[in-house]
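The sequence shown lines up with residues 1 to 428 when you count with full-length UniProt numbering. C-beta: ideal position from N, C-alpha, C; glycine also. Quick caveat: nothing in here was measured; it's all calculated off a predicted structure. Working notes for the structure below.
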Amino acid sequence: MDSRDWIRDGLHAVAGAALAVPLAIVNIPLFVLFVVSLVLTPVLGLGLVLLPLVTMLIRARADLARRLAAGYRVVIARPYRPRPERAVPGGIRHYRWLVTDPATWRDAAWLLPGAIAGLALALVSLGIVAYGAEGILLIPLWVSLGVDGYGYGVIWPIDTIGEGFLSLPQGAAILAIGVAAAPHLRQAEAYTARLFLAPTRAAELRLRVSQLTVTRADTVDAQAAELRRIERDLHDGAQARLVSLGMTIGLAEEIIDADPATARKLLAEARENSTTALHELRHLVRGIHPPVLAERGLAGAVRALAMACAIPATVTASLPGRLDTPVESAAYFAVAEALANATRHSGAGNAAVELWHTGDLLLLRVSDDGRGGADPDRGTGLRGIERRLAAFDGTMSLSSPLGGPTVVTMELPCALSSPRTSPSSGTV
C-alpha cells in the first residue's frame, strides 16, 4: 500500500472514531426507549404506538452501523423480514411484524454492547492520536514557557529544553502508530457489530430464497426480451432479405430467356442481398455468443472490445485459465455495456478495464475519467449489467461521484475450468 493510502485511510478512521463517540452515546437512550415501550405495551396499548417508532429508529441506527462497517471491509447484510401487505403503521399487523422479527431483538441486544465497544475502541484510538499530538505540539511549548512537572514518553520529568524537544520524535512515532492502528480498531468495532446485526442462518436462507426468486424472474424476463430481439432482428433483417432474394431469383428465372442482360443484373443483385443477409446473420450470432470468445477467451475478447472502443481503452488481465462458457459470455457483455456507457454518457477521454481471478471469484473493473454522476435508475444500461450478473449470483457496485471518475466493479463467482489456451495475462 502506498504511504499516502495508509495515511488517508488512517485519518479517515480517526475521523470515524470521533464520530463513534456520539453514536455510542445515542445507543443508550435508544435502549432505554425500547425497554420503556415494551413495558408500556400492556398499559392502555401505548406500546403499540411507541414500540414501532423506537424500533424504526433502532433499525436506522443499525443500518448506519452496517454502512460504517462496510467502509472497513466488514459486510453486514440487512436481516429484516419484508413488511407484510396491509401492515399499516400503528396497527396490530405492523406491531406483530416488528415484534416477531428476531432481527428486532438482535438490534436491541446490540445497543449496549455496541455502545461499550464503540466508545472504548474510539477512546483508545483518539487517545493514542491525542497523546502523539501532545508530544509534537504541547510539550515543547510548555517547556519553553518554563512549566514544571511535566514528562512525556520515556522522559519523566522533563528538566531541560533539550529533553522537552526529545518529545517531538516520540510524539511523531506515537501519532504514526495511532493513525496506523485506527483502521484496525474501527474494524474491530465492525466485527463486534456483525456478531449482533448480521442475519442468522435462518434469515440468510430466507433472504437467499427471496433473492433467487427475484433473480429468476429477472433472468426469465431478460431471456424473453433477448428472444424477442432475435426474432425482431431476424424478421426485419435476414428474413426480409432472404424473401427478397427468393423473389429476385424467381424473377430472373422468368426473364432469363427473353432478357438475359436484365436477368444477370437481377442475379447480381441477389448475390449482393445474400452477402448482406450473411453479414446480418453473422452479426446476430455475434450478439448471442461472440466467436472471439471461443477463439481467444475472455481476456482476448475484452481486448478486442477495447480496440473497437470509440475512446482509448487499456486492458489489464490476469486469467491463468478459461472460465465456463456462460460465465465468459456474461462477463464479456457486461464489460461491453460498461464501455458503451463510458463512451456514450460519461464524456470520458480514456477508459480502463481490469479483470482477474482470485479464489473462486472473477473480478472485473471498468473505469473512465468522465464527468461522473452515473445513476443506475436513469437507464444507462447499468441495471442490465446487474440483471445479467445476477443470473450467475454475481454483483455490481458503482462509484461515480460528480466530476468523476466512474468505476464499475463486477464480481462473478466461478472457477477456472481449463488451462489457458490463449494469451490472457498482461496489459494492453
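(request) Would you list the one or two residues that DSSP bridges to Pro-413? (result) Leu-361
(request) Apply the 10 Å Cβ neighbour rule to Thr-55 and answer buried if 16 or more other Cβ atoms are within range, or exposed otherwise. (result) buried
(message) Mapping the DSSP letters down to three states, classify Trp-156 as helix, strand or coil.
(response) coil
(message) Between Ala-188, Ser-125, Glu-204 and Ala-198, which has its C-alpha nearest Ile-177's C-alpha?
(response) Ser-125
(message) I'd like the span of the beta strand (DSSP E) that includes Val-315, first residue to last.
(response) 313-318
(request) Please determine, among Leu-121, Thr-262 and Asn-27, the residue with the shortest C-alpha to C-alpha distance to Glu-189. (result) Leu-121
(request) Tell me whether Glu-231 is buried or exposed, calling it buried when 16 or more other Cβ atoms sit within 10 Å of its Cβ. (result) exposed
(message) Less than 7 Å between the C-beta atoms of Ser-318 and Trp-356, yes or no?
(response) yes
(message) Would you call the region 178-188 in contact with the region 69-85, where contact means no fewer than 3 C-beta pairs closer than 8 Å?
(response) yes
(message) Could you tell me the alpha carbon to alpha carbon distance between Gly-426 and Leu-412, rounded to whole angstroms?
(response) Confidence at Gly-426 is low in this model, with a pLDDT of 49, below 50, so its placement is unreliable and the value that follows should be read with caution. Answer to the nearest angstrom: the Cα atoms are 21 Å apart.
(message) So, with DSSP's three-state summary, where would you put Thr-406?
(response) strand
(request) Rank Arg-241, Arg-296, Arg-264 and Thr-262 by C-alpha distance to the C-alpha of His-279 and give the top, closest one. (result) Arg-241
(request) Label Trp-156 either buried or exposed according to how many other C-beta atoms from any shown protein chain fall within 10 Å of its C-beta, with 16 as the threshold for buried. (result) exposed
(message) I believe Gly-118 touches Ala-20 by the beta-carbon criterion, under 8 Å. Please report the beta-carbon distance rounded to the nearest angstrom.
(response) 5 Å
(request) May I have the straight-line CA-CA distance separating Leu-137 from Gly-171, to the nearest angstrom? (result) 9 Å
(request) Inspect the beta-carbon positions of Thr-262 and Ile-255 and report whether they are closer than 7 Å. (result) yes
(request) Output the residue ranges of the alpha helix (DSSP H) runs that lie fully inside the region 74-124 and measure 4 residues or longer, sorted by chain position. (result) 92-99
(message) Going by DSSP in three states, Val-366 sits in which element: helix, strand or coil?
(response) strand
(request) Would you decide whether Gly-297 is buried or exposed? Buried here means 16 or more other CB atoms lie within 10 Å of its CB. (result) buried
(request) Starting from the C-beta of Leu-23, find all residues in its chain whose C-beta is less than 7 Å away, skip the five residues before and the five after it, and write them out in chain order. (result) Gly-118
(message) How far does the alpha helix (DSSP H) with Ser-346 in it extend, from its first residue to its last?
(response) Where Ser-346 is concerned, there is no enclosing alpha helix (DSSP H), given that its DSSP letter is neither H nor E.
(request) Taking Leu-339 and Val-315 to be in contact with their CB atoms under 8 Å, please state how far apart those CB atoms are, rounded to whole angstroms. (result) The Cβ separation is near 10 Å, so there is no contact.
(message) Excluding the 5 residues flanking Thr-421 on each side, which residues of the same chain have their C-beta closer than 6 Å to its C-beta?
(response) Because the pLDDT at Thr-421 is just 45, under 50, the model does not fix this residue reliably, and the value given afterwards should be weighed accordingly. For Thr-421, where only same-chain residues beyond five positions count, there are no Cβ hits under 6 Å.
(request) Would you decide whether Leu-64 is buried or exposed? Buried here means 16 or more other CB atoms lie within 10 Å of its CB. (result) exposed
(message) Let me check one thing: in DSSP terms, what residues is Trp-356 bridge-paired to?
(response) Ser-318 and Leu-363
(message) Rounded to whole angstroms, what is the Cα-Cα separation between Ser-424 and Asp-107?
(response) The pLDDT assigned to Ser-424 is 45, lower than 50, so where the model puts this residue is not dependable, and the model offers no usable value.
(request) Taking only the alpha-carbon atoms, compute the straight-line gap between Leu-38 and Val-49 and give it to the nearest angstrom. (result) 11 Å
(message) When you compare the CB positions of Ala-348 and Gly-370, do they come within less than 7 Å of one another, or not?
(response) yes
(request) Can you grab the Cα-Cα spacing for the pair Pro-312 / Ala-18, in whole Å? (result) 43 Å
(request) Consult DSSP for Ala-351 and reduce its assignment to one of helix, strand or coil. (result) strand
(message) Suppose contacts are defined by Cβ-Cβ distances below 7 Å. Is Met-410 in contact with Leu-389 by that definition?
(response) yes
(message) Check this for me: beta carbons of Ala-182 and Ala-13, under 7 Å apart or not?
(response) yes
(request) To the nearest angstrom, report how far apart Thr-200 and Tyr-191 are at their CA atoms. (result) 15 Å
(request) Using beta-carbon positions only, say whether Ala-270 and Leu-245 come within less than 7 Å of one another. (result) yes
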